[in-house]
Ligand SMILES: Nc1ncnc2c1ncn2[C@@H]1O[C@H](COP(=O)(O)OP(=O)(O)OP(=O)(O)O)[C@@H](O)[C@H]1O
Ligand SMILES: [Mg+2]
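In the numbering used here, the protein residues as written are 37 to 500.
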């Protein structure tokens with residue numbers, strides 16, 4: 037385990053137990069002690085006194101001792117964590133999860149000692165070899181409101197129905213990453229290994245394959261096949277022999293800007309071979325993809341009875357109130373209006389909650405008096421990359437749709453959108469796949485509507 041993994045693990049354990057993240061000094065202490073530094077050295081690099089470092093460290097060891105169920109000190113930190121093997125093993129049911137054989141309850145009122153277990157019930161440690169985790173690329177786990185049914189759906193697809201690939205598709209900020217982070221402890225004991233990789237920098241397929249094989253097979257780079265074809269065959273062999281869960285974040289970066297949804301960038305075209313093999317062949321493993329839009333073959337392969345599934349993630353409901361409680365907002369009777377206005381997108385809700393806190397000292401009622409959908413720079417910046425990557429045809433279409441406060445039919449759009457029927461169908465389908473257009477069926481007629489926040493963005497920015 038490297039120091040980043042140690043910090044992430046410790047932070048996850050502490051957050052799950054207390055709802056608080058490690059602060060900078062606690063992280064510096066953990067990292068320093070892990071790397072064999074003395075308190076005086078940590079104090080020097082953290083610009084504080086040695087006494088202060090000792091004091092904070094002593095509280096930190098106490099907290100970790102409570103969580104791990106054994107005494108943790110400066111001298112045994114490494115061995116204590118290694119002895120516990122630093123694995124989070126989820127229990128079969130419920131929201132609690134395990135670190136080593138120690139139960140970490142999300143309920144902060146729960147006792148900090150391990151739960152009593154009946155002697156006849158083997159601990160996850162003894163019943164199954166532990167899952168190997170590589171979550172170095174994953175962000176910190178944080179609050180998750182709602183999403184019980186989405187977690188249950190994913191668990192059913194992945195664990196019970198053993199699907200090959202589950203894509204989670206949604207607008208940025210809707211919580212794809214957060215959802216998978218919470219899914220992992222729930223299902224991880226079904227897997228031999230779990231790997232989380234961000235594709236945010238659009239790595240080549242060769243690099244991604246190398247990366248995955250190295251972790252699964254624990255092989256040095258020198259023993260890896262050189263050609264992409266051989267690497268792919270090697271990976272598939274491992275995925276047949278082992279049960280691996282591979283989570284690929286930010287898959288949309290493999291896809292092209294300026295084209296309809298789902299088309300690859302020229303340099304990433306060969307990922308389609310990987311996704312096809314994962315989706316179409318028989319193996320023991322599962323991929324989870326997080327994406328703003330599905331790559332084209334995932335759309336084609338998705339089906340209720342197919343080994344490839346897609347979860348189009350919607351916003352969260354009234355449980356989003358928890359976000360507002362964390363931000364100390366006032367007027368809870370108005371929170372539902374706010375959630376609806378921002379379509380339950382957790383990122384947008386967090387951004388607007390910060391604005392309300394800063395400008396109205398938390399008074400939601402005062403903010404809503406203005407009867408407008410405020411975006412602000414931060415929210416507009418979050419939307420920009422999603423709108424900017426649209427094809428010219430889609431930009432033209434959202435511009436037309438933004439002029440309508442209500443849903444419109446295809447007939448209405450054809451009358452004045454200056455588009456042929458086939459252009460219109462292509463554009464609407466693509467915008468639907470990107471979750472930018474809502475599609476509803478009213479009295480046997482299909483109607484289309486731009487999401488209100490997107491509409492507001494289009495009205496206040498020149499898109500075409
Ligand atoms: N269900 C939720 N409850 C509370 N907060 C949430 C929830 N889902 C996501 N968040 C928070 O909202 C923000 C955006 O979530 P997240 O990063 O998971 O979105 P995303 O869909 O992965 O976005 P992107 O496509 O840009 O990667 C994060 O700060 C996350 O902690
Ligand atoms: Mg994400």
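Cβ coordinates follow ideal geometry from the N, Cα and C atoms, glycine included.
Bear in mind the structure is a predicted one, so any value in this text is a computation, not a measurement.
- Assuming residue 227 and residue 167 make a contact with CB atoms under 8 angstroms, what is their CB distance in whole Å? 5 angstroms
- Contact check, residue 345 vs residue 338 under 8 angstroms by CB: the rounded distance? 6 angstroms
- Query: Cβ of residue 282 within 8 angstroms of Cβ of residue 231?
  - Reply: yes
- Task: Compare the beta carbon distance of residue 353 and residue 182 with 8 angstroms and say whether it is the shorter of the two.
- Result: yes
- Query: Is the stretch 408-426 close to the stretch 488-499, with three or more CB pairs under 8 angstroms?
  - Reply: yes
- Would DSSP call residue 64 helix, strand or coil? helix
- Item | Every unbroken beta strand (DSSP E) within the stretch 254-297, with a cutoff of 3 residues, ordered by chain | 280-285
- When every heavy atom of ligand 1 is checked, does at least one fall within less than 7 angstroms of the C-beta of residue 226? no
- Cβ-heavy atom distance, residue 182 to ligand 1, below 7 angstroms: yes
- Where the beta strand (DSSP E) through residue 201 begins and ends: 201-205
- Query: Hey, is the stretch 462-469 in contact with the stretch 295-306, meaning 3+ C-beta pairs nearer than 8 angstroms?
  - Reply: yes
- Item | Cut-off 8 angstroms between Cβ atoms - residues of its own chain near residue 189, not counting five sequence neighbours on either side | 347
- Message: At a cut-off of 7 angstroms, would you count residue 189 as near ligand 2, judging by its Cβ distance to the nearest heavy atom?
- Response: no
- Taking Cβ positions, are residue 79 and residue 43 nearer each other than 8 angstroms? no
- Beta carbon nearer than 6 angstroms to a non-hydrogen atom of ligand 3: The ligand content of the structure shown is limited to ligand 1 and ligand 2, which means ligand 3 is not among them.
- Taking C-beta to C-beta, are residue 90 and residue 50 nearer than 8 angstroms? no
- Task: Can you have a look at residue 229 and say buried or exposed, based on whether 16 or more other CB atoms are within 10 angstroms of its CB?
- Result: buried
- When the Cα atoms are used, what is the spatial distance from residue 238 to residue 202? 20 angstroms
- Alpha-carbon spacing of residue 110 relative to residue 97, whole angstroms: 7 angstroms
- Message: Distance check for residue 225 and residue 157, CA to CA, integer angstroms please.
- Response: With a pLDDT of only 36 at residue 157, under the threshold of 50, the placement of this residue in the model should not be trusted, and no figure is reported.
- Item | Exposed unless 16 or more other CB atoms sit within 10 angstroms - verdict on residue 314 | buried
- Message: Against chain C, with Cβ distances strictly below 8 angstroms, would residue 272 count as a contact?
- Response: Checking the listed chains, one finds no chain C in this structure; it contains a single protein chain.
- Query: What separation, rounded to the nearest whole angstrom, lies between the Cα atoms of residue 466 and residue 207?
  - Reply: 13 angstroms
- Of the listed residues 485, 37, 198, 204, nearest to residue 169 (C-alpha basis): 37
- Message: Does the beta-carbon of residue 206, which I'm using as the reference point, lie nearer than 7 angstroms to any heavy atom of ligand 1?
- Response: yes
- Task: May I ask you to list the residues that DSSP assigns as paired with residue 347?
- Result: 204
- With burial defined as no fewer than 16 other Cβ atoms inside 10 Å of the residue's Cβ, what is the status of residue 285: buried or exposed? buried
- Query: So what does residue 232 bridge to, in DSSP terms?
  - Reply: 283
- Alpha-carbon spacing of residue 317 relative to residue 424, whole angstroms: 36 angstroms
- What are the boundary residues of the beta strand (DSSP E) that includes residue 170? 168-170
- Task: List the whole-angstrom C-beta distance separating residue 400 from residue 449, where the pair is believed to meet the contact cut-off of C-beta under 8 angstroms.
- Result: That belief does not hold up - the Cβ atoms of residue 400 and residue 449 are roughly 36 angstroms apart, past 8 angstroms.
- Contact under 8 angstroms by Cβ, residue 236 with residue 267: no
- Message: Does the beta-carbon of residue 359, which I'm using as the reference point, lie nearer than 7 angstroms to any heavy atom of ligand 1?
- Response: yes
- Query: Alpha carbon to alpha carbon, what distance is there between residue 384 and residue 187?
  - Reply: 22 angstroms
- Query: Can you list, in chain order, the residues of its chain whose CB lies under 6 angstroms from that of residue 307, leaving out five sequence neighbours each side?
  - Reply: 241, 290
- Whose CA, out of 171, 398, 274, 83, lies closest to the CA of residue 234? 171
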